[in-house]
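Worksheet: one structure, shown below.
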Amino acid sequence: FEQAEDSALAFTAFPRAHWAKLRTNNVQERANREIKRRYRVVQSFPSRESMLRLTCASLMETEGQWSQQRVFSEASAAEGFAEPADRPAPTEGRRRALGRRAREIVDEIVERRGLKKE
Numbered sequence: 727f728e729q730a731e732d733s734a735l736a737f738t739a740f741p742r743a744h745w746a747k748l749r750t751n752n753v754q755e756r757a758n759r760e761i762k763r764r765y766r767v768v769q770s771f772p773s774r775e776s777m778l779r780l781t782c783a784s785l786m787e788t789e790g791q792w793s794q795q796r797v798f799s800e801a802s803a804a805e806g807f808a809e810p811a812d813r814p815a816p817t818e819g820r821r822r823a824l825g826r827r828a829r830e831i832v833d834e835i836v837e838r839r840g841l842k843k844e
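Residue numbers (my numbering): 727 to 844.
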């Protein structure tokens with residue numbers, strides 16, 4: 727968890743208005759749910775390759791839908807790609823607070839699902 731901290735907090739380098747869309751992973755979770763839904767319909771696969779083809783077909787369809795969407799306006803996206811020097815870096819206190827919150831979320835998920843902490 728400690729090694730992933732920088733990656734988990736990478737969204738803080740972008741403007742605060744973008745954080746909600748960058749820090750959540752609803753897009754990937756939705757894609758995973760669609761793959762699971764398709765697996766349940768088929769129920770049995772003759773080979774590993776057929777399972778891989780179903781997964782790839784689902785992801786290609788999803789990618790086609792994503793490529794037609796615009797999440798941020800051009801101006802907002804340009805602001806997000808501005809030079810880091812143009813934006814103040816998050817304070818150390820803010821980084822610690824975000825790290826604590828991330829740990830709380832992980833602990834809650836582990837507890838709810840009855841998973842073992844390592």
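The beta carbon of each residue, even a glycine, is placed where N, CA and C say it ideally should be.
Note that the structure is a prediction, hence the values are computed from the model and not measured.
Item to check | Beta-carbon contacts of Glu805 that lie in its chain and below 6 Å, excluding the five residues immediately before and after | outcome: Locating residue 805 in the sequence shown gives position 79, counting from the first residue. The answer, listed in chain order, is Pro741.
Next on the checklist: Checking 8 Å against the spacing of the C-beta atoms, do Ser778 and Ala757 come in under that value?
Outcome noted: Locating residue 778 in the sequence shown gives position 52, counting from the first residue. Locating residue 757 in the sequence shown gives position 31, counting from the first residue. Looking at the sequence provided, one finds Leu at residue 778 rather than Ser. In this structure, Ala757 does not lie closer than 8 Å to Leu778 by Cβ.
Checklist entry - Nearest CA to the CA of Val767: which residue from Glu787, Thr781, Glu755? => result Numbered from 1 along the sequence shown, position 41 holds the residue referred to as residue 767. Selected option, being the one with the closest Cα: Thr781.
Item to check | Beta-carbon proximity list for Pro816, same chain, < 7 Å, skipping 5 on both sides | outcome: Mapped onto the sequence shown, residue 816 falls at position 90. Here the set comprises Thr738.
Checklist entry - From Arg763 to Gln791, what does the alpha carbon distance come to, in whole angstroms? => result As a working mapping, residue 763 is identified with position 37 in the sequence shown. As a working mapping, residue 791 is identified with position 65 in the sequence shown. If I take the Cα positions, the gap works out to 18 Å.
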